[in-house]
Amino acid sequence: SLFNKRTNLIGIIVPQTSNPFFGELTFHIESICASLHYKVLLCNSLNRVDKEKSYWEMLMRNQVDGVIAVTYNRGLVNAHEKPLPIVTIDHYLSPTIPVVSSDNYAGGVQATELLIAKGCQHILHINGPLKLETPANLRRKGYETVMQEHGRTAITYEIANALNRGEQQKVIAQLFREHPQVDGIFASDDLIAATLIAEAQKYGKHIPKDLKVIGYDGTETCQTLLPSLTTIRQPIELIAQKAVEVLLKEIEGDYEQEEMDICLPVQLIEGTTT
Ligand code: RIB
Numbered sequence: 054s055l056f057n058k059r060t061n062l063i064g065i066i067v068p069q070t071s072n073p074f075f076g077e078l079t080f081h082i083e084s085i086c087a088s089l090h091y092k093v094l095l096c097n098s099l100n101r102v103d104k105e106k107s108y109w110e111m112l113m114r115n116q117v118d119g120v121i122a123v124t125y126n127r128g129l130v131n132a133h134e135k136p137l138p139i140v141t142i143d144h145y146l147s148p149t150i151p152v153v154s155s156d157n158y159a160g161g162v163q164a165t166e167l168l169i170a171k172g173c174q175h176i177l178h179i180n181g182p183l184k185l186e187t188p189a190n191l192r193r194k195g196y197e198t199v200m201q202e203h204g205r206t207a208i209t210y211e212i213a214n215a216l217n218r219g220e221q222q223k224v225i226a227q228l229f230r231e232h233p234q235v236d237g238i239f240a241s242d243d244l245i246a247a248t249l250i251a252e253a254q255k256y257g258k259h260i261p262k263d264l265k266v267i268g269y270d271g272t273e274t275c276q277t278l279l280p281s282l283t284t285i286r287q288p289i290e291l292i293a294q295k296a297v298e299v300l301l302k303e304i305e306g307d308y309e310q311e312e313m314d315i316c317l318p319v320q321l322i323e324g325t326t327t
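Quick note, the UniProt record's numbering runs 53 ahead of the 1-based positions in the sequence shown.
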């Protein structure tokens, strides 16, 4: 009937596909959708509320069957009272919206424990944006908990946009200036870890002898360009698969309560930067 007309179109809202994490995530979502005869409409929000809002309206006008969103913007959904099936990745938005993520807290714990096991005395963390229940929040909590358990002082710096090299370099310079004795850094993202590795020699730090670095995400792109990087790998393809699965069930109106919050395991990949 007119009322359940399907378009077989799925909307995807991510901050920026030029970030390898979102690029690979989107690649997998699109591939899985294509294999199920769904087309996708891709929206890069740059994490901006105005862009998310206008993309959201564009998706509605195109009568998408559902949306997979990585958004920090709670208003996006509240304002529209969830007019269609939606699944979020990474960020919890509301009790009625299923979320798929990986275990960011455990990742933070594993990364910090590794640096401690490797003998680092002065371990710092560079976190991502801390708005709402972001993955950066949980990774940082993991770091702080382990530091506290070992009687160490937790010290954090923030880089809100991992693609902005200028911002990264500024924060890294400040970090080395304020903590010249730093010998271990857990970066909340592989891009930040890559910049750190490039910058470290300016500050006379040899990796891993003087400074050990662990990143986060384990994207194919970063592993190819920097195979030596120790990192926490997120199961990106599986996250994509679960998000599509749950969304399609939501579209069919038969998803289960236990699928409201899917948290997948992460994996430590040990390279030579630690
Ligand atoms: O910049 C990419 C990061 O942002 C990933 O770790 C992803 O989980 C998101 O939070």
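Even for Gly, the Cβ is constructed at its ideal location relative to N, Cα and C.
Is the beta carbon of Val-140 sitting closer than 8 Å to the one on Ile-169? no
Beta-carbon proximity list for Cys-86, same chain, < 8 Å, skipping 5 on both sides: The answer, listed in chain order, is Ile-63, Lys-92, Val-93, Val-297.
Would you say Gln-287 and Gly-271 are within 8 Å of each other, going by their C-beta atoms? yes
Own chain partners of Gly-195 with C-beta closer than 6 Å, once the 5 adjacent residues on each side are dropped: Tyr-158, Gly-161, Val-162
Whole-angstrom distance between Leu-228 and Ile-208, CA atom to CA atom: 10 Å
Straight-line Cα distance separating Gln-320 from Thr-156: Going by the sequence as given, residue 156 is Asp instead of Thr. Using only the alpha carbons, I get a separation of about 10 Å.
Quick check: Lys-171 and Thr-327, are their CB atoms within less than 8 Å of each other? Yes, the Cβ-Cβ distance between Lys-171 and Thr-327 is below 8 Å.
For Ser-154, which residues does DSSP report across the bridge? Partner(s): Cys-316.
Starting from the C-beta of Gln-310, find all residues in its chain whose C-beta is less than 7 Å away, skip the five residues before and the five after it, and write them out in chain order. Within the same chain, Gln-310 has no close Cβ partners at all.
Arg-59 in three-state terms, based on DSSP: coil
Using the Cα positions of Met-165 and Gly-76, report the straight-line distance between them to the nearest angstrom. Residue 165 is actually Thr in this sequence, not Met. Answer to the nearest angstrom: the Cα atoms are 27 Å apart.
Would the beta-carbon of Tyr-269 fall within 8 Å of that of Asp-242? yes
Could you name each continuous alpha helix (DSSP H) segment of 4 residues or more that falls completely within the segment 102-131, going from the start of the chain to the end? 102-114, 128-131
Should Lys-58 be labelled buried (16 or more other beta-carbon atoms within 10 Å of its own) or exposed? exposed
At what residues does the beta strand (DSSP E) containing residue 329 begin and finish? The displayed coordinates of the chain run from 54 to 327. Any statement about residue 329 would go beyond what the structure contains.
Using the beta-carbon count (16 or more within 10 Å), is His-144 buried or exposed? Classification of His-144: buried, given that the 10 Å Cβ count is 16 or more.
Residue closest to Tyr-308, alpha-carbon to alpha-carbon, out of Asp-314, Leu-137, Val-299: Val-299
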